[in-house]
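Below is one structure, written out as structure tokens; comments come after it.
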Amino acid sequence: MKFIHLLAAAMAISAVSCSERVKVTADYQVVPLPQTITETAGEQAFVLNPDTRIVATDSSMTSNAELLAGYIARMNGFTPEITSDTPGDNYIILNANLDNVNKEAYEINVSSSHIAINGASPAGTFYGIQTIRKSIPGNSGNCDVVFSPATISDAPRFSYRGAHFDSSRHFFDADSIKIFIDMLALHNINHMHWHLTDDQGWRVEINRRPELTRTGSMRAGTIIGHGGPDNNSFDSIPYGGYYTQEQIRDIVDYASRRHITIVPEIDLPGHMQAALASYPELGCTGGPYEVWQRWGISDDVLCAGNDSIYAFIDDVLDEITELFPSEYIHIGGDECPKVRWEKCPKCQARIRQLGLRDNEHGTAEQQLQSHVMRHATEFLTQRGRKVIGWDEILEGGITPDAIVMSWRGTEGGKAAAEAGHDAIMTPSQYLYFDFVQSDDRESEPLGASWGDPVTVELVYSYEPVPENLTPEQAAHIIGVQANLWTEYVPTMRHAQYMELPRLGALAEVQWSNAAKDYPAFLQRLKRLASIYDAEGYNYARHAFETKNEDCANETQTAQ
Ligand code: ACM
Ligand code: ZN
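When you line the sequence shown up against our numbering, it's residues 6 to 564, in that order.
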């Protein structure tokens with residue numbers, strides 16, 4: 006009996022290892038679901054095998070071709086040759102001349118002789134490549150893959166499809182950031198919002214302000230657990246790290262080859278304690294300040310009455326725009342307490358000088374914050390960039406053309422759209438991936454100290470366009486993003502666990518127009534998880550109803 010079991014197990018293993026070139030079948034029901042999939046009757050299938058070649062029709066397709074060859078190598082164990090000449094048959098041809106106003110659109114035609122992937126731009130072709138890649142079962146190592154004849158036409162619903170990542174609270178080295186970028190590419194995400202500065206660490210080298218990384222990138226220790234008024238237990242382990250400008254350029258390039266724009270965030274005028282520790286003269290009290298060892302919201306912020314903060318902001322943003330070609334630059338604006346400004350003679354003098362009074366736009370101090378944000382916005386607008394700010398930028402008067410990132414629920418995004426501003430929806434109750442994923446908190450790694458669990462199903466259920474907007478207002482909802490704050494996320498393996506498979510549900514919300522059907526989505530998500538396995542990603546299993554035994558331990562010690 007035992008022997009029969011062993012024999013069956015051995016046979017199963019040999020089937021998946023494909024020693025005799027076993028064929029597996031591709032399935033176009035991927036995440037995110039393409040807009041239309043039409044099977045073509047009567048034709049023979051296309052078979053991807055070690056003789057298949059990838060045709061890059063011109064140099065704009067070279068990078069796409071290399072990425073596709075790499076995906077097939079990792080999934081199937083053979084690397085297709087890349088050529089510029091079209092062979093007689095057995096090839097995948099990449100083009101970018103599809104006629105479509107949506108530049109991220111693509112079309113795929115599968116016939117017996119070849120697969121044609123045609124984008125409305127190289128980005129569109131890249132999303133076609135992702136669909137082909139995700140059609141391949143994740144456990145098809147060294148197998149041939151049978152693609153049934155079909156035509157797939159697809160384009161994304163939203164132009165801004167974001168994922169935010171916090172490198173301040175914990176530092177993730179450049180290689181980890183590249184892994185994160187690869188995870189985003191798998192989910193058709195086209196913007197990585199990179200939170201590079203906060204109270205607990207300044208992570209981007211600024212040549213004109215060297216103390217920001219010399220002093221501001223290191224903290225003396227870290228609070229243990231959530232912290233709070235009664236918790237003064239610190240680990241006393243010095244902690245830090247930062248990205249050199251050379252590393253940033255390399256990461257920006259790595260992302261751009263995957264058609265991902267990195268949107269850097271310099272969080273103003275609050276969340277600045279690491280900068281104050283570096284340059285204490287920028288604060289209202291003059292310090293001394295330390296790079297913060299706690300989580301939460303620091304009362305110490307940039308002194309808006311001090312002329313030198315404006316020169317500081319210009320210096321930082323000048324180098325940021327040199328490093329990041331993104332059209333969008335995020336200037337924060339969230340959680341800036343006004344307690345220092347209310348007492349600071351310089352801030353109060355600035356309020357008088359500007360003639361600010363409490364009124365329907367907000368308190369004088371809220372309007373003083375708008376004054377700081379307007380300065381940064383004008384600096385960036387003159388350089389041809391657009392600013393994004395957290396929804397607090399609506400308080401105290403919003404700068405024209407600023408894009409609102411709605412995080413305290415959906416109201417900020419709705420108000421912004423009604424006022425004619427573009428908005429990106431990232432409401433915490435649906436899209437904060439630092440929130441735990443199940444009610445069973447005991448079995449979960451530590452999550453945010455606030456917020457209800459955010460399950461895969463909840464993420465999937467989210468509809469980004471608020472009700473009761475006119476079509477013109479609804480067009481101002483340009484996109485959707487999930488955020489990963491990393492106070493309690495010290496490693497990339499842990500970050501993967503928080504992101505996956507919730508990123509799959511996010512991708513569907515960002516990309517697809519299809520009517521919601523959670524059971525059908527879950528089937529597609531299971532297949533996506535087989536690619537997570539093939540890529541070696543760590544992911545949460547709650548949605549698949551298998552017990553997640555020792556994930557918490559694993560995620561704490563990984564990397
Ligand atoms: C935020 O979560 N403070 C934007
Ligand atoms: Zn001040």
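Backbone N, C-alpha and C define an ideal beta-carbon position, used for all residues, glycine too.
Checklist entry - Trp395: beta carbon under 7 Å from a heavy atom of the ligand ACM? => result It does: the Cβ of Trp395 is within 7 Å (strictly closer) of some heavy atom of the ligand ACM.
Item to check | Ser466, buried or exposed, once every other Cβ within 10 Å from all chains shown has been counted against 16 | outcome: So Ser466 counts as exposed.
Checklist entry - Straight-line CA distance for His481 to Val29? => result His481 and Val29: Cα-Cα distance of roughly 44 Å.
Item to check | Pick from Ser448, Leu463, Leu474 that is closest to His426, judged by C-alpha positions | outcome: For His426, the nearest C-alpha among the options comes from Leu474.
Item to check | Beta bridge counterpart(s) of Gly409 as assigned by DSSP | outcome: In the sequence as displayed, the identity of residue 409 is Val instead of Gly. For Val409, the pairing in a beta bridge is given by DSSP as Gly394, Ala428.
Next on the checklist: With three or more C-beta pairs closer than 8 Å as the rule, is the stretch 193-201 touching the stretch 262-270?
Outcome noted: Output reads yes: the stretch 193-201 touches the stretch 262-270.
Checklist entry - By the 10 Å Cβ neighbour count, where 16 or more other Cβ atoms means buried, how is Gln358 classified, buried or exposed? => result Counting Cβ neighbours within 10 Å, Gln358 comes out exposed, since fewer than 16 surround it.
Item to check | Residues near the ligand ZN, criterion Cβ-heavy atom distance below 5 Å | outcome: Cβ-based neighbours of the ligand ZN within the cut-off: Cys289, Cys308, Gly310, Cys349, Lys351, Cys352.
Checklist entry - The beta strand (DSSP E) with Lys28 in it runs from where to where? => result Where Lys28 is concerned, the enclosing beta strand (DSSP E) stretches over 28-30.
Item to check | Residues that DSSP places opposite Arg58 in a beta bridge | outcome: The partner list for Arg58 (beta bridge, DSSP) reads Glu86, Tyr96.
Checklist entry - Glu554: buried (16+ other C-beta within 10 angstroms of its C-beta) or exposed? => result In this prediction, Glu554 has a pLDDT of 48, which is less than 50 and means its spatial position is unreliable; nothing more can be read from the coordinates.
Next on the checklist: Please report the straight-line C-alpha distance between Asn114 and Cys148, rounded to a whole angstrom.
Outcome noted: Their Cα atoms are separated by approximately 22 Å.
Checklist entry - Is Glu340 near the ligand ACM, with its Cβ less than 7 Å from a heavy atom? => result A distance criterion of 7 Å places the beta-carbon of Glu340 in contact range of the ligand ACM, judged by its closest non-hydrogen atom.
Checklist entry - Which ranges would you report for the beta strand (DSSP E) in the stretch 155-213 if only whole runs of at least 3 residues count? => result Segments of the beta strand (DSSP E) lying fully in the stretch 155-213: 155-159, 165-171, 196-200.
Checklist entry - Smallest Cα separation from Asn518: which of Tyr33, Thr41, Val27? => result Checking every option, the nearest Cα to that of Asn518 belongs to Thr41.
Item to check | Cα-Cα separation between Thr353 and His175, rounded to whole angstroms | outcome: Here residue 353 turns out to be Gln, not Thr, going by the sequence shown. Looking at the two C-alpha atoms, the distance is approximately 35 Å.
Checklist entry - With respect to 7 Å, is the separation between the Cβ of Trp412 and the closest non-hydrogen atom of the ligand ACM below this value? => result Yes.
Checklist entry - For Pro243, which residues from the same chain have a beta carbon less than 8 Å from its beta carbon, with the 5 sequence-adjacent residues on both sides left out? => result Closer than 8 Å at Cβ, skipping near neighbours: Met223, Arg224, Ala225, Gly226.
Checklist entry - Using the C-alpha atoms, what's the distance from Ser172 back to Glu468? => result When rounded, the distance between both Cα atoms is 28 Å.
Checklist entry - Just the Cα atoms here: how many angstroms apart are Gln564 and Phe185? => result For Gln564, the predicted structure reports a pLDDT of 30, less than 50, and the residue's modelled location is therefore unreliable. A value from the coordinates is still provided. Whole-angstrom Cα-Cα distance: 14 Å.
Item to check | Those runs of the beta strand (DSSP E) which lie wholly inside the stretch 328-395 and span at least 3 residues | outcome: Qualifying beta strand (DSSP E) stretches, in chain order: 333-337, 391-395.
Checklist entry - Ordered along the chain, which non-local residues of its own chain (more than five positions away) have a Cβ less than 7 Å from that of Glu48? => result Closer than 7 Å at the Cβ level, and outside the excluded window around Glu48, lie Ser116, Ser117, Pro154.
Next on the checklist: So, does the stretch 89-100 touch the stretch 50-61, judging by three or more C-beta pairs under 8 Å?
Outcome noted: At 8 Å Cβ cutoff, the stretches touch.
Item to check | Under 8 Å between C-beta atoms of Ile429 and Val392 | outcome: The beta carbons of Ile429 and Val392 sit no closer together than 8 Å.
Checklist entry - Considering only residues of the same chain and omitting the five flanking positions on each side of Met16, which have a CB-CB separation below 6 Å? => result With a pLDDT of 39 at Met16, under the threshold of 50, the predicted position of this residue should be treated as unreliable, though the coordinate-derived value follows. Excluding residues up to 5 positions away in sequence, nothing lies with its Cβ nearer than 6 Å to the Cβ of Met16 in the same chain.
Item to check | Whether Pro342 touches Asp304 by CB criterion (8 Å) | outcome: Against a cut-off of 8 Å, the Cβ pair of Asp304 and Pro342 comes out as a contact.
Item to check | Endpoints, the alpha helix (DSSP H) within which Val115 is located | outcome: It is not in any alpha helix (DSSP H) - Val115 instead sits in the beta strand (DSSP E) that spans 111-115.
Next on the checklist: I need the boundaries of the beta strand (DSSP E) containing Ile120, first residue and last residue.
Outcome noted: For Ile120, the enclosing beta strand (DSSP E) starts and ends at 119-124.
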